[in-house]
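Participant:
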Amino acid sequence: MLASRPKDSRVTAGVVALAAITLLIGGAFAGLAVEAAQDLSGAAAAFDGYLLRVARFTLWQAALSTLLSVAPALLVARALSRHPAFPGRGPILQLFTVPLALPAIVAALGVLALYGRAGYFAGAFARLGGAEWPGIYGLSGILVAHVFFNLPLATRLFLEALGTVPADQWRLASQLGMGVRPAFRLIEWPVLRAALPGIAGLVFMLCITSFTIVLTLGGGPAATTLEVAIYQALRFDFDPARAVVLTLLQIALTFIVVVALTRLGANTVGDANLPVAPRRYLSAGRLETVLNAGLIALALLFVAGPMAATLLSGLEADLGRLAGEEAVRRATLTSAGLALLAALLSVTLSLALIEARRALALRRRSGNTMSLLEHAADTGAGFVLVVPPIVLGAGWFLALRHVTDVFAVAPVMVVAVNAVMAMPFAIRAIRPAYDAASERHERLCLALGISGWNRLSLIDWPSLRRPLATGFAFAMALSLGDLGVIALFGSDSVQTLPYLLLARMGSYRTADAAGLALLLGLVCLMLVVAADRLGREGKR
4 MLASRPKDSR
14 VTAGVVALAA
24 ITLLIGGAFA
34 GLAVEAAQDL
44 SGAAAAFDGY
54 LLRVARFTLW
64 QAALSTLLSV
74 APALLVARAL
84 SRHPAFPGRG
94 PILQLFTVPL
104 ALPAIVAALG
114 VLALYGRAGY
124 FAGAFARLGG
134 AEWPGIYGLS
144 GILVAHVFFN
154 LPLATRLFLE
164 ALGTVPADQW
174 RLASQLGMGV
184 RPAFRLIEWP
194 VLRAALPGIA
204 GLVFMLCITS
214 FTIVLTLGGG
224 PAATTLEVAI
234 YQALRFDFDP
244 ARAVVLTLLQ
254 IALTFIVVVA
264 LTRLGANTVG
274 DANLPVAPRR
284 YLSAGRLETV
294 LNAGLIALAL
304 LFVAGPMAAT
314 LLSGLEADLG
324 RLAGEEAVRR
334 ATLTSAGLAL
344 LAALLSVTLS
354 LALIEARRAL
364 ALRRRSGNTM
374 SLLEHAADTG
384 AGFVLVVPPI
394 VLGAGWFLAL
404 RHVTDVFAVA
414 PVMVVAVNAV
424 MAMPFAIRAI
434 RPAYDAASER
444 HERLCLALGI
454 SGWNRLSLID
464 WPSLRRPLAT
474 GFAFAMALSL
484 GDLGVIALFG
494 SDSVQTLPYL
504 LLARMGSYRT
514 ADAAGLALLL
524 GLVCLMLVVA
534 ADRLGREGKR
């Protein structure tokens, strides 16, 4: 009789983490299924002209946002690639990381402060148009905000792709005296063309699941996406049947996009590790240099504008009075506490999945296929990409309303959903370091019988300290700026800074909203900068 294989606590921890993710996603789907079964006629009636109009606008704004983000990004990335010694190239690339750190509601305030009816450019637009500037609400505002977020991301990803061109190709092109057009057609365009579908698909997915931008800048029923319609159906109309239909349609669209991204090999986390400026063997002519410099300058002004507007409008607010308000202090403490718990839970679950995957991979004999459990541990966190936060919140909102006060469980739902949504980022930061540490210490730990907490604290902790801190900082920044779940479960008794900011905007207290946006944006930015610095130091 074969001896049973000893249990590995890492596999047990991974199973628990997978069970937690399954419970969160499965509970949301169960809530949707039960609600649909209870009101089949209402769900069938929800398939009307409004549903088709919302679905059509969701796809249309995502397609336009993708086109307006990706096409300029391709040109800007090529311009930066062609001029590795461009003055300020490093700071420009650093600036292009800032939109990734800003909460969406802060960016929306920046866009309004710059282009809104009372924005800094309102007077200039009024003089150009010969009439009062109506503002930027509606499709135009959504597009501007989406391009603000996604143009820098796409630029960095295209630049990363161009950085993979072997130096030998540039050297050979220089020796052959190749001009700008042949170099683009034969060297640069094949790389860009290969990266284009994945980057465009990633941007499309980010735009199709955009909630906060559309909620704050949509401007009415004519500019409503599926996620905003779900929120309105639950919080304002309280039409659960319509919310179920909208949610299922949103899941179907997101699933299709994620499957397409997987087939295209896209980076669904959206991180771009840019190399040091490479050496170029082809010099750019004067006309090309002027055109590229103009492209870079325009992109820089477009991205820096809303940031500067957020800073200026925030400084114009009465920050001292805001800091003394009880509601602001309470929302700040609530945001910090929930974000701290969400970040701790996120890195804990991520580490458990990483450890389980590694343990199962070491057990598997060479040449054997991955078991179902190993595959789940490897891709389990990616399941959340198919289900946006507002969808998870909607499912649990419908499930919990029959058994308890949904607003009383707001802290639990915010922590759970934000923790799971941050896991892909945390895993990306932690997994390489853990695999490297396991490669070095696995046999020694097995020989000495070191496992569990002793192994983590004595063996793995020195290698994981910085990656865990990186994942923690990213998860905390994402949780601090999230509005998706708290928008459904928030109330007067449970308010976070984004929720309070949205409330001040809704009551036309724009100065207070600007001050809160500055506070929230600075905190999230500091967390992401700290995470990036820790990640870079950990790779040295």
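Those letters in the sequence shown? Residues 4 to 543, per the numbering used here, in order.
A virtual CB, placed ideally from N, CA and C, is assigned to each residue, including glycine.
Using C-beta distances below 8 Å, list every residue in its chain close to Val389, excluding the 5 sequence neighbours before and after it, in chain order.
Facilitator: These residues qualify, in order along the chain: Ile254, Thr257, Phe258, Val261.
Participant: So Gln64 and Ile145 are in contact, right, with Cβ under 8 Å, and what is the actual spacing, rounded?
Facilitator: Indeed, because the Cβ distance is near 5 Å, the residues count as touching under 8 Å.
Participant: Take Thr335 and list the residues in its own chain whose beta-carbon comes closer than 7 Å to its own, dropping the five residues that flank it on each side.
Facilitator: Same-chain partners within the cutoff: Leu500.
Participant: Is it buried or exposed, Met310, if we count other Cβ atoms within 10 angstroms and call 16 or more buried?
Facilitator: With 16 or more other Cβ atoms within 10 Å, it is buried.
Participant: Between the C-alpha atoms of Arg184 and Leu209, what's the straight-line distance to the nearest angstrom?
Facilitator: Cα-Cα distance, rounded: 33 Å.
Participant: Can you tell me whether Gln235 is buried or exposed? The criterion is at least 16 other CB atoms within 10 Å of its CB, across all chains shown.
Facilitator: Gln235 should be labelled buried.
Participant: In whole angstroms, give me the CA-to-CA distance for Ser316 and Ala517.
Facilitator: Going by the C-alpha atoms only, they are around 6 Å apart.
Participant: Would you call Ser44 buried or exposed, if buried means 16 or more other Cβ atoms sit within 10 Å of its Cβ?
Facilitator: Exposed, by the Cβ-count rule.
Participant: Residue range of the alpha helix (DSSP H) that Val14 falls in?
Facilitator: Run containing Val14: 12 to 41, per the alpha helix (DSSP H) assignment.
Participant: Nearest by alpha-carbon distance to Thr313: which of Leu523, Val418, Leu71, Thr61 is it?
Facilitator: For Thr313, the nearest C-alpha among the options comes from Leu523.
Participant: Which value, in whole angstroms, describes the spacing of the CA atoms of Arg85 and Leu70?
Facilitator: Roughly 23 Å between the two C-alpha positions.
Participant: What residue range is occupied by the uninterrupted alpha helix (DSSP H) comprising Leu156?
Facilitator: Segment 142 to 165, the alpha helix (DSSP H) holding Leu156.
Participant: May I have a chain-ordered list of the alpha helix (DSSP H) segments no shorter than 4 residues that lie completely inside the stretch 362 to 407?
Facilitator: Runs found: 375 to 382, 392 to 403.
Participant: Under 8 Å by Cβ, that's how I've got Ile216 and Thr61 pegged, so tell me the actual separation to the nearest angstrom.
Facilitator: About 12 Å separates the two Cβ atoms, so there is no contact after all.
Participant: Determine the contact status of Val417 and Val532, defining contact as a CB-CB distance below 7 Å.
Facilitator: For Val417 and Val532, no; Cβs fall outside 7 Å.
Participant: To the nearest whole angstrom, what separates the beta carbons of Leu363 and Ser374, a pair I think is in contact under 8 Å?
Facilitator: Their Cβ separation, rounded to whole angstroms, is 7 Å, which keeps Leu363 and Ser374 in contact under 8 Å.
Participant: What did DSSP end up calling Thr212 once you bin it into helix, strand or coil?
Facilitator: Residue state, collapsed to three classes: coil.
Participant: So the candidates are Val109, Val387, Val248; which of them puts its Cα closest to the Cα of Asp515?
Facilitator: The residue with the shortest Cα to Cα distance from Asp515 is Val109.
Participant: Just to confirm my understanding: we take Arg458, look at its own chain, exclude 5 residues before and 5 after, and list those with CB closer than 7 Å. What are they?
Facilitator: The answer, listed in chain order, is Cys448.
Participant: If Ala425 and Ser349 are in contact, beta carbons under 8 Å, what's the gap, nearest whole angstrom?
Facilitator: That pair is a contact at about 4 Å.
Participant: Return the residue from the list Ser441, Arg446, Ala263, Ala490 that minimises the CA-CA distance to Leu395.
Facilitator: When each option's Cα is compared against that of Leu395, the closest is Ala490.
Participant: Excluding the five sequence neighbours on either side, which residues of its own chain have a C-beta within less than 8 Å of the C-beta of Val19, listed in chain order?
Facilitator: Excluding residues within five positions, the ones whose Cβ falls inside 8 Å are Ala355.
Participant: Can you give me the C-alpha to C-alpha distance between Arg446 and Ile433, rounded to a whole angstrom?
Facilitator: When rounded, the distance between both Cα atoms is 21 Å.
Participant: If we ignore side chains and look at the alpha-carbon of each, how far apart do Ile393 and Ala116 end up?
Facilitator: Looking at the two C-alpha atoms, the distance is approximately 27 Å.
Participant: Using the C-alpha atoms, what's the distance from Ala176 back to Ala186?
Facilitator: Approximately 7 Å, taken between the alpha carbons.
Participant: Using a 10 Å radius around the Cβ and a threshold of 16 neighbouring Cβ atoms, would you call Met181 buried or exposed?
Facilitator: By the 10 Å Cβ count, Met181 comes out buried.
Participant: Run through DSSP, which three-state label would Gly136 get?
Facilitator: With the sequence shown as reference, residue 136 is identified as Trp, and Gly is not the correct amino acid for it. Coil at Trp136, not helix or strand.
Participant: Among the candidates Ile202, Ala170, Pro169, whose CA atom is the shortest distance from the CA of Ala157?
Facilitator: Looking at the Cα atoms, Ile202 is the closest of the given residues.
Participant: Looking only at its own chain, which residues have a Cβ that is under 8 Å from the Cβ of Ala506, when we skip the five neighbours before and after it?
Facilitator: Cβ within range, chain order: Gln498.
Participant: Would you decide whether Thr407 is buried or exposed? Buried here means 16 or more other CB atoms lie within 10 Å of its CB.
Facilitator: By the neighbour-count rule (16 or more Cβ atoms within 10 Å), Thr407 is not buried but exposed.
Participant: Using CA atoms only, rank isn't needed, just tell me which of Ser338, Thr219, Gly297, Ala472 is closest to Pro90.
Facilitator: The shortest Cα separation from Pro90 among Ser338, Thr219, Gly297, Ala472 belongs to Gly297.
Participant: Comparing alpha-carbon positions, which option in Val423, Ile95, Ser496, Ala476 lies nearest Leu26?
Facilitator: Cα-wise, what sits closest to Leu26 is Val423.
Participant: Just tell me which of Pro193, Ala302, Leu199 has its CA closest to the CA of Leu264.
Facilitator: For the residues Pro193, Ala302, Leu199, the minimum Cα distance to Leu264 belongs to Leu199.
Participant: Closest to Gln97 by C-alpha separation, out of Leu401, Leu525, Leu303, Ala384, would be which residue?
Facilitator: Checking every option, the nearest Cα to that of Gln97 belongs to Leu303.
Participant: Provide the residue span of the alpha helix (DSSP H) that contains Glu328, from first to last.
Facilitator: Neither: Glu328 is in no alpha helix (DSSP H) and is coded neither H nor E.
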